[in-house]
Amino acid sequence: MSRFLFVVPPLTGHINPAVGVAAELAGRGHRVAWVCADPALVRRLAGEGAEVFGCAGAPEGSRPPELRGPEALKFLWEWFLLPLAEAMAPGVRAAVGEFRPDVVVADQQAFAGALVAEALGVPWATSATTSAEFTDPLAGLPKVGEWVRERLALLRASVGDPAGRSDPRFSPRLVLTYSAPELAGHADGIRWVGPSVAARPAVAGFPWEWLDAGRATVLVTLGTANTDVGDRFLAVSVEALRERADRVQGVVVDPGGTLRAAGADDKDVLVVPSVPQLALLERGVGAVVCHAGHNTVCEALWHGVPLVVAPIRDDQPVVAGQVAAAGAGVRVRFGRVDARRLGAALDAVLDEPGHRAAAERIGAAFRAAGGTPAAADHLEELAREL
0 MSRFLFVVPP LTGHINPAVG VAAELAGRGH RVAWVCADPA LVRRLAGEGA EVFGCAGAPE
60 GSRPPELRGP EALKFLWEWF LLPLAEAMAP GVRAAVGEFR PDVVVADQQA FAGALVAEAL
120 GVPWATSATT SAEFTDPLAG LPKVGEWVRE RLALLRASVG DPAGRSDPRF SPRLVLTYSA
180 PELAGHADGI RWVGPSVAAR PAVAGFPWEW LDAGRATVLV TLGTANTDVG DRFLAVSVEA
240 LRERADRVQG VVVDPGGTLR AAGADDKDVL VVPSVPQLAL LERGVGAVVC HAGHNTVCEA
300 LWHGVPLVVA PIRDDQPVVA GQVAAAGAGV RVRFGRVDAR RLGAALDAVL DEPGHRAAAE
360 RIGAAFRAAG GTPAAADHLE ELAREL
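Number 49 in numbering that gives the first Met the number 0 belongs to position 50 of the sequence shown; there are no gaps in the numbering.
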């Protein structure tokens, strides 16, 4: 039996992929624990019995919704990722001392996991919940890239081993990425394991009886971290869906309550604060309209569902580009798309068979990559090398 310590940021999209891997390891008899600034979130996603070490988190505050491009990226690093690493480091160090892991599994954006493990001489693996970093998204922004490298060096001097050389985003021993080259393109030194698709706690109250088998279901979601910018796009989506109500039903996820929920007798558009996404995809969805969040994209493609992608910020433009280049969807402009353009994109992914064929091809590649069992195999191999 080995001990694996997962270090994750307090973000649903980063915890969910690790949940399946952790469950697979636990099912094989290994001991698994977590470090996170939000233990309740981990237990909600991984199960109430999860062993979680708490730690401090990033300072309170939200990113101005109007930020896009390099400004949004710099804000993410300066006001979230770097402060989060500084805050998490003492808790991670204490958890390593108490749990004594054989391997630390550090989320690619939880730098404290990698730096503390390196400083304490504990082998660590990277859990990469997006493939965007492997395309060098800063290649066209050399000044931003240099700024990131400088800040990482300062962070290492503060919380890690000043003599260390490894980039905390890329373990020299093992980088697990929940995608496949058929979507993300080829990259050296990566273990492509496909999406970590595992059972999740049930979402009570979803009206399954509302779904009409005679029409295609379209899921519209902007994930869990974009409630501050999604009101206009969700309204445009509802308009486009209603214009196609003769052949389409829409399920619109509106966690912020920005839309006026329709009455129970509305058979065309269902507005809900949350949705059992995997269960709905398994039930059968014609298309997904989303922000190109990596998890949502990969879960849709896992089920062979084509997409309309409207990237907002961070890694989303890169992921959206991957979807479009692979032929598995159509990209639209989040801030400028209107109902006519969004509807045309939706018609394309619903009616042109090439998009679904590409989605199904990528889904097959995801399954061939091995998923959570393959990720667990790689981690076990790393533990055995000690």
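Backbone N, C-alpha and C define an ideal beta-carbon position, used for all residues, glycine too.
Item	Value
Put F205 into one of helix, strand or coil per three-state DSSP.	coil
So A94 packs on L4, CB below 8 Å; how close in whole Å?	6 Å
Got a sec? Which residues, its chain only, sit under 7 Å from R30 by beta carbon, not counting five neighbours each side?	M0 and R2
At 3 residues or longer, what runs of the beta strand (DSSP E) sit wholly inside the stretch 225–268?	247–252
In whole angstroms, what is the alpha-carbon distance linking R43 and A197?	14 Å
Within the same chain, show all residues whose beta-carbon is closer than 6 Å to that of H302, passing over the 5 residues directly before and after it, in chain order.	L280
Can you give me the start and stop residues for the alpha helix (DSSP H) that D376 sits inside?	G370 to R383
Could you name the residues that DSSP lists as bridge partners for A356?	Looking at the DSSP assignment, A356 forms no beta bridge with any residue, so it has no partner.
Does DSSP put S1 in a helix, a strand or coil?	coil
Considering just the uninterrupted stretch of the beta strand (DSSP E) at D106, what are its terminal residues?	V102 to D106
Are the stretch 347–354 and the stretch 364–374 touching by the rule of at least three beta carbon pairs closer than 8 Å?	no
Do S195 and P16 have their C-beta atoms within less than 8 Å of each other?	yes
Are the beta-carbon atoms belonging to V307 and L345 less than 8 Å from one another?	yes
Mind checking whether G249 and L240 have CB atoms under 8 Å apart?	yes
Can you give the beta carbon distance from V174 to T125, rounded, assuming they're within the 8 Å contact cut?	4 Å
I need the boundaries of the beta strand (DSSP E) containing L182, first residue and last residue.	Unbroken run through L182 is the alpha helix (DSSP H), P180 to A183; no beta strand (DSSP E).
When you compare the stretch 159–166 with the stretch 261–278, are there three or more beta-carbon pairs, one atom per stretch, that lie closer than 8 Å?	no
Between which two residues does the alpha helix (DSSP H) carrying W76 extend?	Here W76 belongs to no alpha helix (DSSP H), and DSSP marks it neither H nor E.
Of the choices L269, A21 and A88, whose alpha-carbon is the least far from that of A32?	A21
Taking the alpha-carbon of S157 as reference, which of R99, Q107 and E85 has the nearest alpha-carbon?	E85
When you compare only the Cα positions, how much space is there between P191 and T176?	It should be noted that the sequence gives Trp, not Pro, for residue 191. Approximately 5 Å, taken between the alpha carbons.
Applying the 10 Å Cβ sphere with the 16-neighbour rule, what's the burial state of A299?	buried
Considering only DSSP beta bridges, list what L280 is partnered with.	L280 is not bridged to any residue.
Give the straight-line distance between the Cα atoms of H290 and G53, rounded to the nearest whole angstrom.	30 Å
So V331 is in the beta strand (DSSP E); what residue range does that whole segment cover?	Run containing V331: none; DSSP gives neither H nor E here.
Quick one: give me the first and last residue of the alpha helix (DSSP H) that F133 is part of.	F133 -> no alpha helix (DSSP H), and no H or E assigned at all.
Counting C-beta neighbours from all protein chains within 10 Å, is the total for H185 16 or more, i.e. buried, or is it exposed?	exposed
Curious, which full-length alpha helix (DSSP H) runs of at least 4 residues does the stretch 295–334 contain?	315–325
How close, in whole Å, do the beta carbons of L114 and L154 come, if the pair is a contact with beta carbons under 8 Å?	7 Å
Using three-state DSSP, classify V31 as helix, strand or coil.	strand
Closest by CA to A357, which one among R330, L385 and V304?	V304
Cα-Cα, which of W207, A325, I311 and T129 is closest to R282?	W207
For T125, write down the residues that DSSP places opposite it in a beta bridge.	A105 and V174
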